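> What follows is a structure written as structure tokens; I'll ask about it next.
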Amino acid sequence: MRLRRILWTLAAAIFVLPALASADVITYEREELPGGGVLLVKQSRQLPMVRITVSIPAGARHEAPERAGLANLTSAMITRGTKTRSASDIEKTNDSLGGGVGVEVGRARAEASMRVLTRDLEEGLSLLGDVLRNPVFPAEEIGKTKKRIVGGMRRQRERPGHLANKALRKSLFGETPYGRLVEGTEESIKNLGREDLVRFHRKWYGMKGSIFVFVGDVSLKRARELVLARFKGWQAEGGKIPEATTPKATKKMQVVKIDRPLSQSTVILGNRSLKRTHPDFYAARVMNYILGGGGFSSRIMNNLREEKGLVYSVYSYFAAGRHAGHWRLILQTKNKTVNEAIKESIAEVKRIKEKGVSDQELQDAKDFITGNFATRFGSSSRIANYILAVEILGFSPGYADEYLKKIRAVTKEQILAAARKHIKLDASTLAVVGNLGEAKLAY
Amino acid sequence: MRKINKLYALLICACLLLLFAGGAIVADAKTETAPLRVPWNVTEHKMKNGMRALLLPDNSAPMVVMKVWYAVGSRDEQPGLTGIAHYLEHMMFRGTKKYGPKVFDKIIKKNGGSHNAFTGFDYTAYYERIASDRLELIIELEADRMVNLQIEKAAFDAEKDVVHEERRTRYDRPVGKFWEQLRAVAYTNHPYKNPIIGWPEDIDAITIKDMEAFYKRYYSPENAVAVLVGDFKVKEAIALLEKHFGKIPKSPTFRKRPALAEFPQKSERRVYVRADAQLPYMAIGYHAPNWKSEDAPALVMLEAILGGGETSRLHQRLVRKDTLALGAGSDYTYTSVDPMIFYLYARVAPGKKAADAEKALLEEVEKLIEKGVGEEEFRRALRSIEANTVFAMDSHYYRARLLGTAAISGDWRLLEGYLPALRKVTPADVVRVARKYLNHKNKTTAELIPTKKKRRAKAANSRGGS
């Protein structure tokens, strides 16, 4: 084929694919801290700034189901007052620092992060240590914060993607933390009181299991001094993580339909799937690139967008985490073409499960994934996210080499097996948000 | 965070709003008061055919980001052909005489690169991110599609549907519709009134002939700026640019974009947007000059003091004190070709009234004008902007973006002059520009009114699937 020939001549004539070693791309220092924490430092003197992230094992999975939203509310309240600083003091310091501390919470962990100029490093760490260790959770601020969270949840409901995602999670993960919103529900938030926050903070916010990441204009030695000065003796009570039972996998596709007066429908198809530490992850990653993760190089995008003009955006991915994982495909199309877009997507899934991929597709996918790796570290936030993920997953700082090696070793047979095993249409859920009258859904 | 709502509306194909920054920075660590200096280590190169290049070497990672900017955006569209700049951006991925369809993406991905493009009011830009030893590859591909684009009927038709889908994704939502309508009313004659993606009827009307003419006219080397940030030697990179772009002839139909000016506003305007929304939304827009005006630095400070951070006046009043809004802030565009709009906005909280939010927004403006700006809050705002100017440089991609928008808007050196210009502003200047621009005659107000609908999610087991 003409296309392929040109491609090969070009790639071969001008460029030789490099043997990438992680040492060329990303190295950093790791040190264990007293009390069970870990310090990760990537020094770079390019800019007079430092990005700091503190990741704490205090996510939604640490809260009881009837207290859904507690981890989130606790993290949101961290910056609303400490023993020595009022909410207003914290706001002033935050603004002076150019943003200051931001806190986010996920299902597994809470994350406090900030960017500071090198000259403000001391001030930044002092604030960070104070808010994480000494929050007082003023009752009046709790009321206001709850209202903001609930308001934010309402606003979210204007987004069809949010509604579809919520439906999918509920169907796949039921009453577990992975099946509900991190924010909880309006009802569960209402019932949270100050004591809950105090207890949650006491139980889970501490050195054990926490990860400190510094990227930028700071040495390991300096970072260690700063952390020890502000976090020495930081201890959480700890406790048992509430157990949650994942619902049984279904034997046929579940369909959730949500009617909205929109001109376009949003579709999410997904199934529970592998965790990030599963040995099949690498084959699954390459397989998904070919199926729906590779943008214009993916089969589904090529079929639905390039050939048929059905969608602007369609993609699939494995959301593979430490504790849970799922595979999903997302698309938007006008109501009238929903059936066709779903049909074509499912046909592509079936095709890869039945026939696997070609040698050429496999090679192209590997070339992209390995070649692209070096370009993923063009900012301190990307670097910080990467080294934090490596640590959370329990890999070593040299993981990049292992990752690239495993990607390169993936075979066609492994791809076929991964498609069959980890994408399960029978056990999947199809969520559709759109004008159902116009869509006349056949599913 | 605070910018998100606004960006959501304007991002379309992403026009950069305001944040603005500098280059490798020299900080005097000894004293806190010593100003940060933000020099940009940029080499500027002009080719014989008029094409310009801006090169910023940075060897912190073995990669390079290249963005090729064309000085053409929705601003330059003729009535009846809105959306053509963005639609053309889509077609630029559909193949050239030399490489045919689908090859562009394959070659770049095969080499581990990623790429995309975006269209704004003032520009269309294409970018690649790739290992630095493949710089020539992306230069060759970009040079090829500057001149060799082939528009085939089947692809043109399919892509039209894709653009309509993109439009639905962005504007078939309450907040998207809201900002679109606000702009449509705030401008009378300036093409900034049109959405970057175009009006649906116009998108339908665009023909291959229209697009070919548009492409030939605007995708001329003298209308383009290549911005490179990353791990390369300047001399070598220039040689590669010359080799591939340097030989492209000027387009005979190219004409410089004309000057355009919005007619002065004579009276207040208002628009109501009814949509299936969960909560109301309020925004107030005032015409305000851009970087070309001496008032611009003071407007940047005004933006920060009114709506810049957690301590900003709108946030304190509407979010913290009165709990009228989930978020409130302001937004001002410093870098653009023509003046844009200074916005105040409030995402109204559940159970609260849009009218109260509007009143609070206006009262805060009046208060600022009457009682002035304190030294401490002024200093805090400036300090915050300084820090963010450094933070904004923390990405190859973003630096290439800042350079490109500044170059298209007039001069990339704007970046170097930014902080020094802000440091000359006084609190009194801030009050003066607030009085001058944030007044009733110059105002357009938009209110999003949720239409109530009863609904329930239906959940059902399907018959089929497999």
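These protein sequences, in sequence, are chains A and B. FYI, the numbering for the first sequence is 7 to 449, going by this note's numbering. FYI, the numbering for the second sequence is 128 to 593, going by this note's numbering. Heads up, the beta-carbon is just placed ideally off N, CA and C, and yes, glycines get one too. Computed from a predicted structure; not experimentally measured.
Do you know offhand how far residue 330 of chain B's Cα is from residue 204 of chain B's?
12 Å
> Do residue 315 of chain A and residue 178 of chain A have their C-beta atoms within less than 9 Å of each other?
No.
> Which residues in chain A sit within 8 Å of residue 247 of chain B, going by Cβ to Cβ distance?
By Cβ distance, chain A contributes nothing, its closest Cβ being about 18 Å from residue 247 of chain B, past 8 Å.
> Where does residue 427 of chain B fall in DSSP's three states?
helix
> Quick check on residue 531 of chain B: does DSSP put it in helix, strand or coil?
helix
> CB-CB under 8 Å to residue 344 of chain B, same chain, minus the five flanking residues each way: which ones, in chain order?
378, 380, 381, 382
> Please identify, using Cβ separations under 9 Å, the residues of the region 355-380 of chain A that lie next to chain B, in order along the chain.
356, 369, 370, 371, 373, 374, 375, 376, 377, 378, 379, 380
> For residue 48 of chain A, which of helix, strand or coil comes out of DSSP?
strand
> Find the nearest neighbour of residue 167 of chain A within the set A/418, A/131, A/265, judged by alpha-carbon distance.
A/265
> Considering only C-alpha positions, which residue in the set A/37, A/62, A/339, A/222 is nearest to residue 134 of chain A?
Checking every option, the nearest Cα to that of residue 134 of chain A belongs to A/62.
> Which same chain residues, not among the five before or five after residue 557 of chain B, have their C-beta less than 6 Å away from its C-beta?
425, 428, 429, 500
> Below 6 Å CB to CB, which residues in the same chain sit around residue 437 of chain A once its five sequence neighbours on both sides are set aside?
170, 173, 174, 262, 274
> Quick check: the region 526-540 of chain B against the region 451-466 of chain B, are at least 3 beta-carbon pairs closer than 8 Å?
yes
> Taking Cβ to Cβ, would you say residue 151 of chain A is nearer than 9 Å to residue 208 of chain A?
no
> Output the boundary residues of the alpha helix (DSSP H) element that contains residue 447 of chain B.
DSSP places residue 447 of chain B in no alpha helix (DSSP H); its state is neither H nor E.
> Closer than 8 Å by beta-carbon distance: list the chain B residues that pair up with residue 196 of chain A, in chain order.
Contact of residue 196 of chain A with chain B by beta-carbon distance below 8 Å is absent, the smallest such distance being about 13 Å.
> For residue 194 of chain B, which three-state DSSP category applies?
strand
> Can you look up residue 331 of chain A in the DSSP assignment and give me helix, strand or coil?
strand
> For residue 225 of chain A, count neighbouring Cβ atoms within 10 angstroms of its own Cβ and tell me buried if that reaches 16, exposed if not.
exposed
> Under three-state DSSP, which class holds residue 157 of chain B?
Only weak support is given to the placement of residue 157 of chain B: the predicted model assigns it a pLDDT of 37, under 50, and the value that follows is read from those uncertain coordinates. Coil at residue 157 of chain B, not helix or strand.
> Since residue 378 of chain B is in the beta strand (DSSP E), which residue starts that stretch and which ends it?
Neither: residue 378 of chain B is in no beta strand (DSSP E) and is coded neither H nor E.
> For residue 48 of chain A versus residue 395 of chain A, is the C-beta spacing smaller than 9 Å?
no
> So with Cβ pairs under 9 Å, would you call residue 103 of chain A a contact of chain E?
Looking for chain E here will not work: the only protein chains present are A and B.
> At 4 residues or longer, what runs of the alpha helix (DSSP H) sit wholly inside the region 87-161 of chain A?
93-102, 127-139
> Hey, residue 250 of chain A and residue 182 of chain A are a contact pair by Cβ (cut 8 Å); roughly how many whole angstroms apart?
4 Å
> Would you call residue 105 of chain A buried or exposed, if buried means 16 or more other Cβ atoms sit within 10 Å of its Cβ?
buried
> With DSSP as the reference, identify every bridge partner of residue 231 of chain B, one or two as the case may be.
Per DSSP, none; premise fails for residue 231 of chain B.
> Starting from residue 166 of chain A and walking both ways along the alpha helix (DSSP H), at which residues does that stretch end?
Here the alpha helix (DSSP H) through residue 166 of chain A covers 166-179.
> Would you call the region 298-309 of chain A and the region 381-389 of chain A in contact, with 3 or more CB pairs under 8 Å?
no
> Tell me which same chain residues have a C-beta within less than 6 Å of the C-beta of residue 362 of chain A, skipping the five on either side of it?
418, 421, 422
> Let me know if residue 206 of chain B comes out buried or exposed under the rule of 16 or more other beta-carbons within 10 Å of its beta-carbon.
exposed
> Can residue 117 of chain A and residue 110 of chain A be called in contact, C-beta distance under 9 Å?
Yes. Within cutoff.
> Can you give me the start and stop residues for the beta strand (DSSP E) that residue 326 of chain A sits inside?
320-326
> Identify, in the order they occur along the chain, each residue of the same chain with its Cβ nearer than 7 Å to the Cβ of residue 59 of chain A, setting aside the five sequence neighbours on each side.
So the list reads 117, 119, 219, 390, 394, once near-sequence residues are dropped.
> Could you say which of A/149, A/229, A/65, A/385 lies nearest to residue 517 of chain B if we only look at CA atoms?
Comparing Cα positions, the closest option is A/385.
> Which of helix, strand or coil does DSSP assign to residue 333 of chain B?
coil
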